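Sequential numbering of the sequence shown, starting at 2, is according to this note's numbering.
Positions of the beta carbon are idealized from the N, C-alpha and C atoms, including for glycine.
It should be emphasised that the depicted structure is a prediction, and the values quoted were computed from it without experimental measurement.
Report on the structure given below.
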Amino acid sequence: RVPKKGAVDVANGEEPSNKPLITLGREVIRGPASGWVVRGQVNQQKMIWYTFRAPGGDVWLQPADARSIMDQAAWDALVNMRETVADDIRQSLSKRQQAEAAQARGAGATSSSSAAA
Numbered sequence: 002r003v004p005k006k007g008a009v010d011v012a013n014g015e016e017p018s019n020k021p022l023i024t025l026g027r028e029v030i031r032g033p034a035s036g037w038v039v040r041g042q043v044n045q046q047k048m049i050w051y052t053f054r055a056p057g058g059d060v061w062l063q064p065a066d067a068r069s070i071m072d073q074a075a076w077d078a079l080v081n082m083r084e085t086v087a088d089d090i091r092q093s094l095s096k097r098q099q100a101e102a103a104q105a106r107g108a109g110a111t112s113s114s115s116a117a118a
């Protein structure tokens, strides 16, 4: 049985493992790609994959599909925004990893002080 996207496994209260670690989107507000949204999602393997939404649209398009319906200037603007999204995601991942490391160090300190007592 495959859970629906966004579903929670009621048996153990966990979300499906295919849920992205991070999802971040940015809308282009000026220029030839105005109104387009670039969305980056990080999977469990820490790979970023991108989808695009046209102005006023409600469907997320794969890169090749988005590219096929716009001119070069608009695509270039989306590629620039994609790099911005990638940078933001990398910063978010780095902060998350630092927080997890700090938490692990704190848990280790608590465990060792409990063991000493």
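According to DSSP, residues forming a beta bridge with residue i
{"i": "residue 61", "result": "54"}
{"i": "residue 46", "result": "Its beta-bridge partners do not exist; DSSP assigns none."}
{"i": "residue 30", "result": "According to DSSP, residue 30 bridges with nothing at all."}
{"i": "residue 25", "result": "41"}
Burial state of residue i, where buried means 16 or more other Cβ atoms lie within 10 Å
{"i": "residue 30", "result": "exposed"}
{"i": "residue 78", "result": "buried"}
{"i": "residue 12", "result": "Low per-residue confidence applies at residue 12: pLDDT is 40, beneath 50, and the placement is therefore not dependable enough to give any value."}
{"i": "residue 50", "result": "exposed"}
{"i": "residue 105", "result": "exposed"}
{"i": "residue 67", "result": "buried"}
Close-in-space but distant-in-sequence residues of the same chain around residue i (CB under 6 Å, 5 per side omitted)
{"i": "residue 36", "result": "56"}
{"i": "residue 101", "result": "none"}
Best match in the options for proximity to residue i [C-alpha to C-alpha]
{"i": "residue 40", "options": "58, 53, 69", "result": "53"}
{"i": "residue 82", "options": "34, 94, 102, 24", "result": "34"}
{"i": "residue 90", "options": "98, 100, 43", "result": "43"}
{"i": "residue 63", "options": "87, 74, 38", "result": "38"}
{"i": "residue 48", "options": "24, 96, 32, 105", "result": "24"}
Contacting residues, own chain, Cβ-Cβ under 7 Å from residue i (five flanking each side not counted)
{"i": "residue 85", "result": "27"}
Cut-off 8 Å between Cβ atoms - residues of its own chain near residue i, not counting five sequence neighbours on either side
{"i": "residue 60", "result": "54"}
{"i": "residue 94", "result": "22, 23, 43, 47"}
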